[in-house]
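Going by my numbering, the sequence shown opens with residue 56, and the numbers climb by one from there. A virtual CB, placed ideally from N, CA and C, is assigned to each residue, including glycine. Since we're looking at a predicted model, the values are computed, not measured. Since the structure comes first, as structure tokens, the remarks are kept for the end.
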Amino acid sequence: MGEDASKAFCRGMKERFLCHLGLAGSFWMQIEKMLPGPFCKDKMPQTPPFPGMFGSSSFNKNLYQTKEEDYGGLYYHDNNLVSGSLEALIQHLVPSVAYYPDRTYIFTFLLSSRLFIHPYELMSKVCHLCVDHQRLSDPQADKVRIRKIAPKILQLLTEWTETFPYDFRDERMMRSLKELTHRLSTGDELYRKTVQQMTQALIRKLTAVSQYEEALAKINSTVTDRLTILKTKPQSIQRDILTICSDPFTLAQQLTHIELERLSYIGPEEFVQAFIQKDPLDNEKNCFSDRKKASNLEAYVEWFNRLSYLVATEICMPVKKKHRARVIEFFIDVARECFNIGNFNSLMAIISGMNMSPVSRLKKTWGKVKTAKFDILEHQMDPSSNFYNYRTALRGATQRSITAHSSREKIVIPFFSLLIKDIYFLNEGCANQLPNGHVNFEKFWELAKQVSEFMTWKKVECPFERDRKILQYLLTAPIFSEDALYLASYESEGPENNMEKDRWKSLRSSLLNRT
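Here it is in structure tokens:
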């Protein structure tokens, strides 16, 4: 794809993509650098084998042992489930006395089914199948039979509540869950205890995410524009990053704290909500129009944008050229420490901030910077060949995580924009439904592979000690807007041509005269 065609492609993608996310365009700065290949399957980003991150199940893994004619609508190729009617796939999810679905199937179907049916409607169907097919509503039902099926149904519900807890922010989901668990646990103390533990764990997760969202809202409400601060407070007595933390390794550790915390609250279903469009065969039905939509993925993208702008602000703010060069070298060292830790998202945000035009145009400042280390980092994150160098480093970090002997070695924080791009292109390359109306399950296996690896990464707990002062600064320090960055840049190193001079005059007039 030529350069002009690639730019046109990116512009078209940008409009569609940002419409889904509802985000400002700064996030797209990274995507525009990624020149994608065709949408054919053999050009899609390669994914590793589906990891068994849920551990082994005590039940038989008989996903592929069910005969096609049993449900009249599941189709296999080389012993792999590739498509099926929605009803057949739902029945395949529900356990029986002699059957329990493979855990990878549970994850994949619960992740993808929301494209075709609301989670609360799926839960209702599951409850109906459990109650009717297993005769749970019959007071004369064989207690031995109930004892055989109840643990399996409870196991399915436990996996659902643990992996997709945000589904249960919908009161209809909670109502169905309570009704079914009540039927299973009536008269049996062991099952009552299991239900109680499952419910308490779910409530803890939902409470935690509500508190996290409230904390984010509070943080966002305290952030102000740095230009406003400059008008009311002399620059000489303002704090900057070097007065808060002068050790690159410490700052990289605190950035990793923020990254891992924000990653941990992203639900797997948010990738489906944000990146997979309505299928034309789905009768324009939107499965998210009447339930609270989690926005933790968007909040994480906004954090990337904030860190990029914070880096650019810290570089453009100092009056003296020597100080600006020192800040650039400091962030280069921070980026290198992020790379060593496995924090690729902060690494790319820092590189992005230093590559913003208001920063990159400071030629006199860059002339005083030893850029050899920066050149190495840019090489690692080079977008050519579909980010080959980065993907190689990511595979190395992933392998280190698998064989880790310490919690620090387990850290893998992917460059999030690229993960999003991979998932988006995977969706664009394949239809959700086949011409015969069946669900294209082969596509959703691939989607689940990518999302499940992310699920493994986000469960890692940060091993570094928290520094409240540094974290507070990173999250709430005022940052320049794009226009304010250009103004600060021109004030530091004057305009070089008539176009820059005109823009400088316009910015001074509009920004400095603002009340």
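CA-to-CA distance, residue j to residue i, given in whole angstroms
i                 : j                 : result
valine 264        : tyrosine 320      : 7 Å
lysine 556        : alanine 539       : 15 Å
asparagine 487    : histidine 460     : 41 Å
glutamate 433     : phenylalanine 394 : 11 Å
lysine 498        : isoleucine 396    : 33 Å
glutamine 308     : glutamate 357     : 20 Å
leucine 232       : threonine 216     : 10 Å
asparagine 444    : glutamine 146     : 44 Å
asparagine 398    : threonine 368     : 21 Å
lysine 333        : serine 547        : Unreliable placement is indicated for lysine 333, whose pLDDT of 45 sits below 50; the coordinate value is still reported in the next sentence. Each residue's Cα considered, the two are about 48 Å apart.
threonine 218     : lysine 514        : 11 Å
serine 565        : arginine 558      : 10 Å
phenylalanine 162 : serine 440        : 32 Å
methionine 436    : lysine 524        : 30 Å
arginine 455      : lysine 465        : 7 Å
alanine 272       : threonine 262     : 16 Å
glutamate 234     : threonine 298     : 57 Å
tyrosine 267      : threonine 311     : 17 Å
valine 424        : tyrosine 131      : 60 Å
tryptophan 500    : glutamine 255     : 31 Å
lysine 260        : lysine 428        : 42 Å
arginine 446      : aspartate 133     : 30 Å
leucine 166       : arginine 200      : 30 Å
serine 140        : tyrosine 355      : 35 Å
arginine 391      : alanine 503       : 31 Å
lysine 476        : histidine 173     : 25 Å
threonine 458     : glutamate 508     : 15 Å
arginine 169      : asparagine 400    : 28 Å
aspartate 187     : aspartate 225     : 24 Å
For residue i: DSSP bridge partner residues
i              : result
leucine 136    : Tyr131
glutamine 146  : Answer by DSSP bridge pairing: none, since glutamine 146 is not bridged.
valine 424     : DSSP lists no partner for valine 424.
valine 494     : Gly139 and Gln488
serine 151     : Tyr154
isoleucine 636 : Because residue 636 is not part of the residues shown, which for the chain are 56 to 570, the question remains open.
Sequence-distant residues of the same chain with beta carbon closer than 6 Å to residue i, five excluded per side
i                 : result
phenylalanine 386 : Val366 and Ile405
arginine 227      : Tyr175
phenylalanine 326 : Ile478 and Val506
cysteine 612      : The chain is shown from 56 up to 570; residue 612 falls before or after that span and cannot be answered.
proline 518       : Ser462 and Arg463
valine 382        : Glu369 and Ile370
methionine 411    : Ala367
valine 467        : Gly397, Ala452, Thr453, Ser456 and Trp512
Spatially closest choice to residue i from the options, by CA coordinates
i                 : options                           : result
glutamate 142     : Leu261, Leu530, His183 and Arg247 : His183
leucine 529       : Ile313, Gly128 and Pro220         : Ile313
threonine 249     : Leu209, His378 and Arg317         : Leu209
proline 438       : Met403, Gln328, Ser179 and Ala543 : Met403
leucine 211       : Gly408, Leu474 and Ser151         : Ser151
arginine 317      : Glu546, Ser544, Asn553 and Glu516 : Glu516
threonine 236     : Thr277, Cys185 and Leu261         : Cys185
glycine 128       : Gly492, Gln527 and Phe480         : Gly492
leucine 148       : Leu170, Phe171, Asn134 and Lys180 : Lys180
leucine 526       : Asn482, Cys300 and Val467         : Cys300
serine 350        : Gly322, Phe171 and Phe359         : Gly322
histidine 378     : Asp430, Leu257, Asp295 and Asp243 : Asp295
leucine 136       : Ala153, Leu562 and Thr159         : Thr159
glutamate 324     : Tyr155, Tyr154, Lys560 and Phe164 : Phe164
arginine 521      : Pro206, Leu257, Leu315 and Pro550 : Leu315
aspartate 430     : Leu417, Val467, Met409 and Pro206 : Met409
glutamate 551     : Leu417, Tyr355, Leu362 and Lys203 : Leu417
alanine 380       : Ser407, Asn400, Asn360 and Trp421 : Trp421
proline 220       : Met178, Asp187, Thr241 and Asp243 : Met178
arginine 361      : Leu562, Glu384, Glu537 and Ser168 : Glu537
phenylalanine 359 : Arg450, Asp187, Leu473 and Asp225 : Leu473
Own chain partners of residue i with C-beta closer than 7 Å, once the 5 adjacent residues on each side are dropped
i              : result
asparagine 495 : Ser138, Cys485, Ala486, Asn487, Gln488 and Leu489
methionine 229 : Phe223
threonine 213  : Met253
valine 389     : Pro303, Leu306, Ala307 and Ile405
alanine 448    : Gln435
alanine 532    : Leu365
asparagine 553 : none
Interface flag, residue i vs chain C, CB-CB below 8 Å
i            : result
arginine 455 : Absent from the structure is chain C; it holds one protein chain and no more.
Distance between beta carbons of residue j and residue i, contact taken as under 8 Å
i                 : j            : result
phenylalanine 535 : tyrosine 364 : 7 Å
lysine 207        : tyrosine 246 : Actually they are not in contact, since the Cβ atoms of lysine 207 and tyrosine 246 sit about 12 Å apart, beyond 8 Å.
leucine 239       : alanine 205  : 5 Å
Residues near residue i in its chain [Cβ-Cβ closer than 8 Å; skip 5 each side]
i            : result
lysine 419   : Lys376 and Glu548
arginine 202 : Asp243
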